[in-house]
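This is how it looks when you write it as structure tokens:
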């Protein structure tokens with residue numbers, strides 16, 4: 169009888185030790201990390217297509233207001249003429265894409281190959297440059313090819329995207345607000361959900377008007393970036409373009 173009890177004891181002790189080993193080897197996520205992971209939403213605009221016919225609809229989906237959509241359409245048309253996009257023998261956007269020395273990196277940014285970010289964010293390092301400490305959209309007439317901007321290494325683009333676009337209480341104009349935060353180099357405020365990107369009574373701290381008051385000129389920068397973005401992606405995703413290879 170005592171021998172049987174001894175064997176049973178050994179079995180129970182071994183099982184307990186094995187469970188302790190499994191628990192020790194398991195990665196335990198902090199409570200706040202679990203909460204964030206569980207409340208992440210899908211990006212409803214992740215698979216957005218970029219064609220001439222979809223310009224207006226895409227701008228609306230990004231959260232721009234009617235008057236801003238008109239500004240965007242006007243700016244795209246201006247850039248289209250400036251870069252001679254409609255000319256079959258000379259499309260400056262195509263020329264700058266072809267001039268890249270890292271096609272894989274550019275494809276990851278413009279075509280969503282190997283990037284966890286939607287193109288409105290993954291394209292930023294190639295379409296924005298830093299001058300005098302401020303970001304602005306590159307002028308294709310002043311560059312020879314699209315190059316990765318060093319400023320992006322310190323920018324918190326991924327975190328801004330997750331905290332602005334993927335939260336459970338995501339606002340309809342989240343893309344507009346997140347892009348503005350990155351352009352203004354104020355991702356930290358957005359990530360902390362502090363005003364004007366959150367906070368306040370019942371979330372009333374989320375305010376596009378307040379963003380513009382805090383960062384003068386950010387609307388103009390945003391209009392220029394989004395118009396350029398759409399135009400570049402139209403060429404990249406067209407037949408025979410970077411994203412079709």
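Residue numbers (our numbering): 169 to 413.
For glycine and all other residues, C-beta sits at the position ideal for the given N, C-alpha and C.
Just so you know, these numbers come straight off a predicted model, no measurement behind them.
Which residues share a DSSP beta bridge with residue i?
{"i": "residue 299", "result": "302"}
{"i": "residue 365", "result": "374"}
Report all residues from its chain with a CB closer than 8 Å to the CB of residue i; omit the five preceding and five following residues, and keep chain order.
{"i": "residue 346", "result": "289, 328, 329, 332, 333, 358"}
{"i": "residue 244", "result": "223, 395, 398, 399"}
{"i": "residue 160", "result": "A question about residue 160 goes unanswered here, because the residues of the chain that appear run from 169 up to 413."}
{"i": "residue 378", "result": "363, 364"}
{"i": "residue 237", "result": "224, 227, 228"}
Please work out which residues of its chain come closer than 7 Å, Cβ to Cβ, to residue i, disregarding the five sequence neighbours upstream and downstream, and give them in chain order.
{"i": "residue 402", "result": "218, 219, 220"}
{"i": "residue 232", "result": "240, 344"}
{"i": "residue 387", "result": "380"}
{"i": "residue 268", "result": "274, 313, 314"}
{"i": "residue 367", "result": "361, 373"}
{"i": "residue 382", "result": "364"}
Which class does residue i belong to by DSSP, given the choice of helix, strand or coil?
{"i": "residue 216", "result": "coil"}
{"i": "residue 312", "result": "coil"}
{"i": "residue 251", "result": "coil"}
{"i": "residue 404", "result": "helix"}
{"i": "residue 335", "result": "coil"}
{"i": "residue 127", "result": "Any question about residue 127 goes unanswered here, given that the chain covers just 169 to 413."}
{"i": "residue 344", "result": "helix"}
{"i": "residue 395", "result": "helix"}
{"i": "residue 349", "result": "helix"}
{"i": "residue 330", "result": "helix"}
{"i": "residue 360", "result": "coil"}
{"i": "residue 380", "result": "helix"}
Between which residues of its own chain and residue i is the CB-CB distance below 6 Å, once the five residues before and five after are set aside?
{"i": "residue 297", "result": "306, 317"}
{"i": "residue 303", "result": "296, 351"}
{"i": "residue 282", "result": "276"}
{"i": "residue 389", "result": "351"}
{"i": "residue 405", "result": "218, 411"}
{"i": "residue 311", "result": "none"}
On a CA-only basis, which of the options is nearest residue i? Give me that one, please.
{"i": "residue 411", "options": "265, 227, 293", "result": "265"}
{"i": "residue 309", "options": "213, 247, 228, 236", "result": "247"}
{"i": "residue 229", "options": "314, 242, 213", "result": "213"}
{"i": "residue 407", "options": "251, 256, 225, 242", "result": "256"}
{"i": "residue 234", "options": "391, 337, 284, 253", "result": "391"}
{"i": "residue 409", "options": "311, 270, 262, 320", "result": "262"}
Answer yes or no: the CB of residue i versus the heavy atoms of the ligand COA, is any distance below 6 Å?
{"i": "residue 349", "result": "For the structure depicted, the ligand COA is absent and the ligand set is empty, with no information on it obtainable."}
Exercise. List in chain order: all unbroken alpha helix (DSSP H) runs of 4+ residues lying wholly within the region 221-294.
Key: 223-229, 234-250, 260-266, 271-279, 287-290
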